[in-house]
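**Student:** FYI, the numbering for the sequence shown is 0 to 199, going by numbering that gives the first Met the number 0. Each residue gets a CB set at the ideal place from its N, CA and C atoms; glycine is no exception. Quick caveat, the model's predicted, so the values are computed rather than measured.
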Amino acid sequence: MIHWILPGQLQRSKSLSIRYLGKAYTPSDLEPINSETVILRPWQPDDRNTLVILGNNPNIARFLTDAFPSPYTEEKGDAFISMANQETPPRILAITLEDQPVGAIGLHPQTDIHCQNAEMGYWLGEPYWGKGIMTRAIRMMVTYGFTHLPVNRIFARPIHTNIGSQRALEKAGFTLEARLQGTILKHGEVLDELIYGIRR
């Protein structure tokens, strides 16, 4: 439910544009991919204002964990960008159109006996909902994750009321694995948690 990012089914593309603090990041083992005009790249300091404008929206926060800032302040935006750029290669990327961020997607590798799994989290600015952007971003992030992380499964945990998230995952090739009833308490409301997964 963090929402914050097929074999045989995934549409591979021509190039995945990734820039790290203004410099191109092109590891030799990266198979470039993209998805039409949607590009994933690391967060840059100049993205802060757009990040705050898009993220400071109760309609987004209501589908995310309480760790997602609400209200989304400039200080929170700076802290997020700094945190997102601590890993190399980055695991939390900006979803962009024409190099402008419209959302975020990330992979969070699990540990211990769950070390072959990574959780995908994501969110998208409300003006960009319903345009297929998140489906394309999820597909790209799956390829990115299976290329760079030693995991066999990527999963996501949307709240059952987040129909758009469920549709994006299903269109990207994820399968509903479980429904956990009443496991989420958000704004005083008890909600179900869905578990979607995809494997190599």
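Helix, strand or coil for proline 57 per DSSP?
**Tutor:** On the sequence shown, position 58 is the one that residue 57 refers to. Reduced to three states, the DSSP call for proline 57 is helix.
**Student:** CB-CB under 6 Å to valine 189, same chain, minus the five flanking residues each way: which ones, in chain order?
**Tutor:** The residue given as residue 189 occupies position 190 in the sequence shown. So the qualifying residues of the chain are Gly181.
**Student:** Does glutamine 165 come out as helix, strand or coil in the three-state DSSP assignment?
**Tutor:** As a first step, residue 165 is located in the sequence shown; it is residue number 166 there, counting from the start. DSSP places glutamine 165 in helix when its eight states are reduced to three.
**Student:** I'd like the list of long-range same chain contacts for glycine 102, defined as Cβ closer than 8 Å, with 5 residues on each side in sequence excluded.
**Tutor:** Your numbering for residue 102 matches position 103 in the sequence shown. Taken in chain order, the residues that qualify are Leu53, Ala93, Ile94, Tyr121, Trp122, Leu123, Gly124, Tyr127, Ile132, Met133, Ala136.
**Student:** Using C-beta distances below 7 Å, list every residue in its chain close to arginine 198, excluding the 5 sequence neighbours before and after it, in chain order.
**Tutor:** On the sequence shown, residue 198 is found 199 positions in, with the first residue counted as 1. These residues qualify, in order along the chain: Asn151, Arg152.
**Student:** What is the DSSP secondary structure of valine 201, counted as helix, strand or coil?
**Tutor:** In the structure as shown, the chain starts at 0 and stops at 199, and residue 201 therefore has no counterpart that could be examined.
**Student:** According to the Cβ coordinates, are threonine 174 and tyrosine 143 closer than 8 Å?
**Tutor:** What you label residue 174 is simply residue 175 of the sequence shown in a count that begins at 1. What you label residue 143 is simply residue 144 of the sequence shown in a count that begins at 1. The answer is no: Cβ separation not under 8 Å.
**Student:** Under the three-state reduction of DSSP, which class applies to threonine 87: helix, strand or coil?
**Tutor:** Reading the sequence shown from its first residue, position 88 is the one you call residue 87. Here threonine 87 sits in coil by DSSP.
**Student:** Any idea if methionine 82 is buried or exposed, counting beta-carbon neighbours within 10 angstroms, 16 or more meaning buried?
**Tutor:** One-based indexing of the sequence shown puts residue 82 at position 83. Exposed, since its Cβ has fewer than 16 Cβ neighbours within 10 Å.
**Student:** Within the continuous beta strand (DSSP E) that includes isoleucine 183, where are the two ends?
**Tutor:** For the purposes of this step, residue 183 is taken as the residue at position 184 of the sequence shown. Counting along the chain, the beta strand (DSSP E) containing isoleucine 183 begins and ends at 174-185.
**Student:** Please work out which residues of its chain come closer than 7 Å, Cβ to Cβ, to threonine 160, disregarding the five sequence neighbours upstream and downstream, and give them in chain order.
**Tutor:** On the sequence shown, residue 160 is found 161 positions in, with the first residue counted as 1. So the qualifying residues of the chain are Leu190.
**Student:** By Cβ distance, which residues of its chain are closer than 7 Å to proline 44, with the 5 residues on each side in sequence left out?
**Tutor:** As a first step, residue 44 is located in the sequence shown; it is residue number 45 there, counting from the start. Answer for proline 44: Ile80, listed in chain order.
**Student:** Would valine 51 pass as a contact of glutamate 86 if the rule is Cβ separation under 8 Å?
**Tutor:** Walking along the sequence shown from the start, residue 51 turns up at place 52. Walking along the sequence shown from the start, residue 86 turns up at place 87. Contact flag unset, no.
**Student:** Tell me whether tyrosine 71 sits in a helix, a strand or coil according to DSSP, three-state version.
**Tutor:** Here residue 71 refers to the residue found at position 72 when the sequence shown is read from its first residue. Three-state DSSP puts tyrosine 71 in coil, outside helix and strand.
**Student:** Rounded C-beta distance between phenylalanine 62 and serine 164? I'm assuming under 8 Å.
**Tutor:** Locating residue 62 in the sequence shown gives position 63, where the first residue counts as 1. Locating residue 164 in the sequence shown gives position 165, where the first residue counts as 1. Indeed they touch by this definition, with Cβ atoms about 7 Å apart.
**Student:** Please check the pair methionine 119 and phenylalanine 154, which I expect to be a contact at CB under 8 Å, by giving their CB distance rounded to whole angstroms.
**Tutor:** Position 120 of the sequence shown, counted from the start, is the residue given in the question as residue 119. Position 155 of the sequence shown, counted from the start, is the residue given in the question as residue 154. About 7 Å; that satisfies the 8 Å criterion.
**Student:** So, tyrosine 76 versus arginine 40, is the Cβ gap smaller than 8 Å?
**Tutor:** Taking the first residue of the sequence shown as 1, we reach residue 76 at position 77. Taking the first residue of the sequence shown as 1, we reach residue 40 at position 41. The question names tyrosine, yet the displayed sequence has glycine at residue 76. Result no, Cβ atoms of glycine 76 and arginine 40 do not sit closer than 8 Å.
**Student:** Near proline 26, what residues of its chain come up, given a Cβ to Cβ distance below 6 Å and the 5 sequence neighbours on each side ignored?
**Tutor:** Stepping through the sequence shown from its first residue, residue 26 is reached at position 27. Confidence is the limiting factor: at proline 26 the pLDDT is only 34, short of 50, which leaves the residue's position unreliable, though a coordinate-based value still follows. Here the set comprises nothing.
**Student:** For valine 37, collect the residues of the same chain with a Cβ closer than 8 Å to its Cβ; drop the 5 residues on either side in sequence, then sort them by chain order.
**Tutor:** Numbered from its first residue, the sequence shown carries residue 37 at position 38. Ile94, Thr95, Leu96, Ile132, Arg135, Ala136, Met139.
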